[in-house]
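Each residue of the sequence shown is one higher than the last, beginning at 134 in the numbering used here. Here a beta-carbon is modelled for each residue, glycine too, at the ideal position from N, C-alpha and C.
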Amino acid sequence: MTQKFFFLFTACIFLSSCEKDITLPSSGEEPTETGSHSKTGPIKYLASSRDQTGRDYPAPWSVTRKTLSGGKQAGVELLTLDNGKIKIVVIPTRGMSILEVTSGDLRLGWNSPVKEVVHPSFINLESQGGSGWLEGFNEWMSRGGLAFAGAPGRDQYISKAGDKVEQLLPLNGKIQNTPASHYEVLVDPAPPHRIRIRGTLFEAAFKGPSLKLVTEISTVPGSDHFQISDQLTNEGSSHQEFQLTYKGSYGSSMLEEGAMLFAPATRIIPMDDHSSRFIQKWDTFRGRTEGFKEEVYLLSPLSDTNSQSMAVLSNRRGDLATSVRWKTHELPCLTIRKNTASEEDGYHTAIEPGTSYPFNRLVERKYGRVPKLAPKETRTFNLSFGIHQGRQSVDKLIAEATQLQTQENLKISPEPPLTK
């Protein structure tokens, strides 16, 4: 283990937002500056296969950085991990979220009314009645958390000092609008040479939480799959509540009228009365519909013998799909959001594994869905994503999800849960 860590560390490029843009060659020579220019500013190569002499990669790859300028996106950093098959655009400035993933003309992402990649300094989480989070929401993958997530509203709890506290919690927590303290690029020296972008974020306050999130986005050269691997640590001296959700928002390429969702589950419940009216069609999608009101469904995901669950979104023809896999002992809840509004209003659906459902923390605590971390305890969360093209590949994926569902019949509960 020590030897493996040593070699991994030597392949590491340590970076921060205040450092100079450099390329680190695999040999012992001094790093050299490189890059070309785009409309948004200079593009800098942080690492690439061309600099890794003596290694055989199945496809050329690179990790580049650029800084946006103008408007509310001024100063936002974007990292693009191109593995030769897919391009993953990471936003260190916005909680290490993922703006989009592309493969040729295919795209995991959506067209939000928010056109800029908004810098957190322009976000007031308490605006719009605690829904200020929405003023920057346009990523494909965004997190909710860390101390809290879910709907805005007042929470009541006992503080570390034993006092009864009432607090207004804004939508989806703070981590999405927290810049990474630092990030680094690592390349495994041994095949298959996994490429990793690792970032560290902190959510801490005096007399409050002391949480650290180390997140890693990784892929293998030439692959159409990638992973998110997170480690959440309570650095405080007392037990700490936490919530963590992973919202994947899909609008481009996959979503269309007649698209299908396959998400093996034991039970599904509508989040509200409106959603209950359409629950029998929870797994099919409409086309772009002006004035559409969002529908939200709460699923208890079904897992295999390895505690792994999955969800698959397929286009109407069944020749293009995307998948996400996760462990249910890490993320026991799954939320499906259907927002098939007009394109201008943000046509998309969200597939959201998490530690809880999107009610306010006060509600989730009553249902026992707000876990705690012991002092110095670390928990891990792993999600694997894939892009699947061709009828044969998609049919195989759907068959896997369908087979998993045969383990138990899906129970559809038409009434939303009590929240008071």
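Would you identify the three-state DSSP class for residue i, choosing helix, strand or coil?
i, result
"residue 172", "Because the pLDDT of residue 172 is 46, which lies under 50, any placement of that residue in the model is unreliable, and the question is left without a value."
"residue 292", "coil"
"residue 458", "strand"
"residue 528", "helix"
"residue 281", "coil"
"residue 218", "coil"
"residue 472", "strand"
"residue 248", "coil"
"residue 167", "Model confidence at residue 167 stands at a pLDDT of 31, short of 50, so the residue's coordinates are unreliable; what they give is reported in the following sentence. Note: residue 167 maps to coil in three-state DSSP."
"residue 442", "strand"
"residue 398", "strand"
"residue 535", "helix"
"residue 325", "coil"
"residue 515", "strand"
"residue 303", "coil"
Measuring CB to CB, does residue i end up less than 7 Å from residue j?
i, j, result
"residue 235", "residue 220", "yes"
"residue 204", "residue 492", "no"
"residue 333", "residue 387", "no"
"residue 340", "residue 368", "no"
"residue 432", "residue 398", "yes"
"residue 272", "residue 307", "no"
"residue 393", "residue 447", "yes"
"residue 274", "residue 230", "yes"
"residue 544", "residue 400", "yes"
"residue 449", "residue 497", "no"
Hey, quick one: how far does the beta strand (DSSP E) through residue i stretch, first residue to last?
i, result
"residue 232", "230–236"
"residue 336", "328–337"
"residue 315", "315–320"
"residue 481", "481–487"
"residue 345", "343–352"
"residue 362", "358–367"
"residue 433", "428–434"
"residue 240", "239–241"
Is the closest heavy atom of the ligand GDP to the C-beta of residue i under 6 Å?
i, result
"residue 551", "Although the ligand GDP was asked about, the structure shown includes no ligands whatsoever."
Starting from residue i, follow its DSSP beta bridges and name the residues at the other end.
i, result
"residue 520", "455"
"residue 223", "212, 231"
"residue 387", "Beta-bridge pairing links residue 387 to no other residue."
"residue 378", "277, 487"
"residue 417", "393"
Ends of the alpha helix (DSSP H) at residue i?
i, result
"residue 261", "260–263"
"residue 267", "Neither: residue 267 is in no alpha helix (DSSP H) and is coded neither H nor E."
"residue 499", "494–499"
| task | Jot down the residue ranges of each uninterrupted beta strand (DSSP E) in the stretch 174–215, minimum 3 residues, whole runs only, in chain order. | result | 174–181, 195–200, 210–215
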